[in-house]
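Residue numbers for the sequence shown follow my numbering, beginning at 22 and rising by one.
Ideal Cβ positions, reconstructed from N, Cα and C, are used throughout, including at glycine.
Down below is the structure, laid out as structure tokens.
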Amino acid sequence: METSLVVNEGISVPGKRIIELIEAKNHAQALAYIETLAQQITINQINQDHILEIHRIILSGISDPYAGNYGTIPVRITGSQTILPNHIKVPDLMDQLETRIQQTQADPISIACDLHYDFVTIHPFVDGNGRTARLLFNLILLIAGYPLSFIMV
């Protein structure tokens, strides 16, 4: 309900930080982007430009220097022991991911799950990896004619 007030009515919610309001608006814009994109492309046409645009929308006005750009500094997942790939390897890893998406013949659910896992394993951005991964997951579902899925985190 609070998100709806922010996104649809432009009304701020008492007790929420400005960044949370911007995040809600950005997420709504990114969702609108993937809904439009899903009508224009096939799963095998998803590419890094689409991924970077989703990320750019998500971080717009929050972290503009990083919005739509792969990380150029080492990143960690707070509270996790997971070691992520060196940021220098990210462009090559994303090239490989793009190739796998474009060549796969798997069913859409498998593609969505595999892409989500592979993407968060690469963790290409300084911030916004989870949000981008969930939107990519839903992009695949939408292209295939499935409804949006909500992933609880």
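Query                                                                                                                                                               : Result
Determine the DSSP secondary structure at ARG155, reduced to helix, strand or coil.                                                                                 : helix
Got a sec, what are the start and stop residues for the alpha helix (DSSP H) SER170 sits in?                                                                        : That residue, SER170, is in no alpha helix (DSSP H); it is neither H nor E in DSSP.
Do you know offhand how far ILE161's Cα is from GLY36's?                                                                                                            : 35 Å
Taking a contact to mean a Cβ-Cβ separation below 7 Å, would you say ILE39 touches ILE164 in this structure?                                                        : no
Classify GLN60 as helix, strand or coil using the three-state DSSP reduction.                                                                                       : coil
Within 10 angstroms of its Cβ, does ARG97 collect 16 or more other Cβ (buried), or is it exposed?                                                                   : exposed
For GLU180, which residues from the same chain have a beta carbon less than 7 Å from its beta carbon, with the 5 sequence-adjacent residues on both sides left out? : The chain is shown only over 22 to 174; residue 180 falls outside these bounds and no answer can be derived.
Tell me whether ASP116 sits in a helix, a strand or coil according to DSSP, three-state version.                                                                    : helix
For my contact list, TYR54 and ILE72 are in at a C-beta cut-off of 8 Å; report their separation, rounded to the angstrom.                                           : That belief does not hold up - the Cβ atoms of TYR54 and ILE72 are roughly 11 Å apart, past 8 Å.
Would you kindly work out how many angstroms separate the C-alpha atoms of ILE143 and LEU114, rounded to a whole number?                                            : 7 Å
Fully enclosed by the region 91-149, which alpha helix (DSSP H) runs are 4 residues long or longer?                                                                 : 111-124 and 129-143
Classify ARG77 as helix, strand or coil using the three-state DSSP reduction.                                                                                       : helix
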